[in-house]
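A.B. asks: Here it is, the structure, as structure tokens.
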Amino acid sequence: MAEAEEEEDAAPARPPPAGIYAEEQGLFQLLQNMLEELLIHKPDDPIEFMINHLKQNNDDAPRICVLGPPASGKTTVAMWLCKHFNAIRVSQETLLFKEVLMQTEEAKAYKERNQKIPNALWANLIQERLSNVDCIKQGWVLEGFPENQEQAWMLQSSGIFPRHVVMLYASDTVLIERSGGKRLDPLTQEVFHTTFDWPSDPLVQQRLVKPEDLSEQEVSKKLLEYHRNFPDIFHIYQKVLKSINADQPSVDVLSQVLAFVQTRHRSDAPFTPRILFLGPPGSGKSLQAALIAQKYDVINICCGQLLKEAVADNTKLGELIKPYIDSGCPVPDKLVLKLLTERLSALDCLSNGWVLSGFPRDVEQGEQLQKAQINPNRVFFFHLPYESIMERLSQRRTDPVTGERYHITFRPAPTPEIQARLRQNPRDEEENIERRLNIYHSNIKALEDFYQDAFYVNADQDPYVIFEFIESCIIKPLPCKKH
Amino acid sequence: MAAGEAQSREYLRRHRLPELLQRLGALLLFHRPERPREFLIQVLERVRAGRRAEGEFPFLLDEANVDAMFSLLDVLGQGHIRPAQYREALKTLGLSTDDLELADDVKITRRVFKKGMRKKMLESWSVY
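Those sequence lines, one after another, are chains Z and H. Be aware that the first sequence starts at 1, since it is given in the numbering used here, and climbs by one per residue. Be aware that the second sequence starts at 484, since it is given in the numbering used here, and climbs by one per residue.
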């Protein structure tokens, strides 16, 4: 008997299907990026070009535009992003004063004469700077460009496509007030503010000067122009753009910007969801699983349900499981895993994808899942405060006649007749809830460490708000957290 | 169609890029290398070398595979297959059957099959 069991354990693992390999390695994105570059540059020798492109390995290098009205904090954001990603910052003043490009002299001449530099000239300067090796390798942050539709089109026709466009906004009054307090460090070009962002270093404090073109009149003029150009730019970069409120503490602005530029946009890559919902009892896992399964046609697998079905169907495994369920003892991991592996390798799960709730409950189970070649590609941890859990679970009732589930506060029974016959599942009695929660909490930290790329869901919200959040995490490729 | 799009499609067609990308994809999914980027670089360098006649193109099928293919087609073990089978084999691999002038009763031996296959595979890669 023991020998037979061992033989089954030693069965060779199935080779992973090509689909899983392609998904894990991001093959679609790899080839798509290469094709994009080929179409932008249309080299005469595509093979040579492709070899160089692959060697460069800059698919994840930042290509960001930071736009916004004057005094919205573009420079601060751009500098911070460049420091974080080790990217190159390109702005009006770096183009005119820091670099020596082919048309720098011409541009400076315009500035001397107090004339507006023509769009074509800016576009050329930007294009030349961005084709420099350091920009290609490290990525770039373009600050304050494009200013208008014409510049945007010119950038596009020279093959410059930002992957993320950050659009800062704030009300005009705030901006005018801010620009009054703006101060510049002539040495580092960093921007500070007399009220909101004062440097701590006294040496820096002494150096600060008021920027040149900053009378209230000038600022209002610039604001008007910005508002005129803004709708066109917004329209052009809609798909890769995010508006971020600049009227908040700069720490918040920066963290929102960072979260945004790390997201990957929705891609056409084929994707089979393999989703894990983990969380305390009563956090809404099964509800969300049902919603996802219904909308996206993935198979909804609830571990507890699976066990009960196996027993009810009298399968071989079911018979082994039955004594445990009957006596109320937890079913041994080995049996559960066997059942799960069988179910998750069925054809419908492999082709449609699946969502699993309630398993694994601890790291050992998680590791065994991994060993069985079952690797989820989206993991969600539901978070719910203790009081909410208690409220949700202790007030659960079931109608023994119809099987309908009710809740004393959130979904009361419609008639007093039904109300009278409602019963409570012993699992939902307070001391049992406490027990289940304690077990959950003792295991959860290790699980959170085990699933590094997991998403955290605030389960204390309206179910449809939660659903939208979960949905967006599933539909978009995983964010790029390399740095 | 906008001018830019027409230009791009023409570029793709001229350099046969869709076919190339498909082959790269096939090679990746078959070999499933741990580092796909490096693998692709190697494959493309082999294409470049093959183009300069400095090395072999990265064929998906090697000689053993072609042998096996012939054995599969030659069910009765007669040592030869029909031209129709030969054509089908080429079509399955996406190779062209245009310039095949074979009468219907000619017997394709293993040697002829292998030589023909190799020639066709070489041709298909030489456009790059």
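In this text, a Cβ means the ideal position worked out from N, Cα and C, and glycines have one as well. Being a predicted model, the structure only gives us computed values, none of them experimental.
In the DSSP assignment, what are the bridge partners of Z/Phe380?
C.D. replies: The partner list for Z/Phe380 (beta bridge, DSSP) reads Z/Phe277 and Z/Phe455.
A.B. asks: Given a limit of 7 Å on CB to CB distance, which residues of the stretch 15-38 of chain Z reach chain H?
C.D. replies: For the stretch 15-38 of chain Z, which is checked against every Cβ of chain H, the residues closer than 7 Å are Ala18, Tyr21, Ala22, Gln25, Leu27, Leu30, Leu31, Leu35 and Leu38.
A.B. asks: Whose C-beta lies closer than 7 Å to the C-beta of H/Leu626 among residues of the same chain, with five residues either side of it excluded?
C.D. replies: Residue 626 of chain H lies beyond the residue range present for chain H, which begins at 484 and ends at 611; the question has no answer from this structure.
A.B. asks: Looking at C-beta atoms only, is the number of pairs between the stretch 409-416 of chain Z and the stretch 489-502 of chain H that lie closer than 8 Å three or more?
C.D. replies: No: the two stretches stay apart, fewer than three of their Cβ pairs being nearer than 8 Å.
A.B. asks: Could you pull the start and end residues of the beta strand (DSSP E) that H/Phe542 belongs to?
C.D. replies: Note, H/Phe542: premise wrong, no beta strand (DSSP E); not H, not E.
A.B. asks: Shorter than 8 Å from the beta carbon of H/Lys574 to some beta carbon of chain Z?
C.D. replies: Taking Cβ atoms only, chain Z never reaches closer than 8 Å to H/Lys574, which makes this a no.
A.B. asks: Along the chain, where does the beta strand (DSSP E) containing Z/Phe192 start, and where does it finish?
C.D. replies: From DSSP, the beta strand (DSSP E) with Z/Phe192 extends over Val191 to His193.
A.B. asks: Could you check if Z/Arg63 belongs to the surroundings of the ligand FMN, using beta carbon to heavy atom distance under 7 Å?
C.D. replies: Ligands in the displayed structure: none, and consequently the ligand FMN is not present.
A.B. asks: Taking the beta carbon of H/Leu543 as the centre, do at least 16 other beta carbons fall within 10 Å, making it buried, or is it exposed?
C.D. replies: When all chains shown are included, H/Leu543 counts as exposed.
A.B. asks: Within 10 angstroms of the Cβ of Z/Pro249, are there 16 or more other Cβ atoms? Answer buried if so, exposed if not.
C.D. replies: Z/Pro249 should be labelled exposed.
A.B. asks: Taking Cβ to Cβ, would you say Z/Gln368 is nearer than 8 Å to Z/Phe359?
C.D. replies: No, the pair does not count as a contact, with Cβ atoms beyond the cut-off.
A.B. asks: For Z/Leu258, collect the residues of the same chain with a Cβ closer than 8 Å to its Cβ; drop the 5 residues on either side in sequence, then sort them by chain order.
C.D. replies: Closer than 8 Å at the Cβ level, and outside the excluded window around Z/Leu258, lie Leu81 and His84.
A.B. asks: Taking Z/Ile160 as the reference, give the member of Z/Cys65, Z/Arg397, Z/Ile117 and Z/Leu208 with the closest Cα.
C.D. replies: For Z/Ile160, the nearest C-alpha among the options comes from Z/Cys65.
A.B. asks: Please identify, using Cβ separations under 7 Å, the residues of the stretch 514-531 of chain H that lie next to chain Z, in order along the chain.
C.D. replies: Residues Arg515, Pro519, Arg520, Leu523, Ile524, Leu527, Glu528, Val530 and Arg531.
A.B. asks: Given a threshold of 16 other Cβ atoms within 10 Å of its Cβ, counted over all protein chains shown, does Z/Cys349 qualify as buried or as exposed?
C.D. replies: Burial call: buried.
A.B. asks: Going by DSSP, what residue range makes up the alpha helix (DSSP H) through Z/Ile470?
C.D. replies: Unbroken alpha helix (DSSP H) run through Z/Ile470: Pro463 to Ile475.
A.B. asks: Between the stretch 578-587 of chain H and the stretch 547-554 of chain H, do three or more beta carbon pairs fall short of 8 Å?
C.D. replies: No, because fewer than three Cβ pairs between the stretch 578-587 of chain H and the stretch 547-554 of chain H fall closer than 8 Å, the two stretches do not touch.
A.B. asks: So, with DSSP's three-state summary, where would you put Z/Pro12?
C.D. replies: Its pLDDT being 40, under 50, Z/Pro12 is placed unreliably by the model, and nothing is read from it.
A.B. asks: Alpha carbon to alpha carbon, how far is Z/Gly403 from Z/Pro426?
C.D. replies: Z/Gly403 and Z/Pro426: Cα-Cα distance of roughly 16 Å.
A.B. asks: Since Z/Ile51 and H/Leu527 should fall inside the 8 Å C-beta cutoff, what is the C-beta to C-beta distance between them, to a whole number of angstroms?
C.D. replies: Rounded, the Cβ-Cβ distance is 5 Å, consistent with contact.
A.B. asks: Consider the Cβ of Z/Ile47: report whether some Cβ of chain H lies at a distance smaller than 8 Å.
C.D. replies: Yes, because at least one Cβ of chain H sits closer than 8 Å to the Cβ of Z/Ile47.
A.B. asks: If you follow the alpha helix (DSSP H) that H/Arg496 is in, where does it begin and where does it stop?
C.D. replies: Ala486 to Arg497 is the span of the alpha helix (DSSP H), which, as asked, contains H/Arg496.
A.B. asks: Name the residue from H/Ser609, H/Leu576 and H/His563 whose alpha carbon lies nearest to the alpha carbon of H/Ile591.
C.D. replies: Taking only the C-alpha atoms, the option nearest H/Ile591 is H/His563.
A.B. asks: Rounding to the nearest angstrom, what Cα-Cα distance links Z/Leu278 and Z/Pro479 in this structure?
C.D. replies: About 20 Å.
A.B. asks: Does the beta-carbon of Z/Thr195 have 16 or more other beta-carbons within 10 angstroms, so that it is buried, or is it exposed?
C.D. replies: Counting Cβ neighbours within 10 Å, Z/Thr195 comes out exposed, since fewer than 16 surround it.
A.B. asks: Which residue's Cα is closest to the Cα of Z/Asp362: Z/Ile325, Z/Cys329, Z/Lys445 and Z/Pro400?
C.D. replies: With distances taken between Cα atoms, Z/Asp362 lies closest to Z/Lys445.
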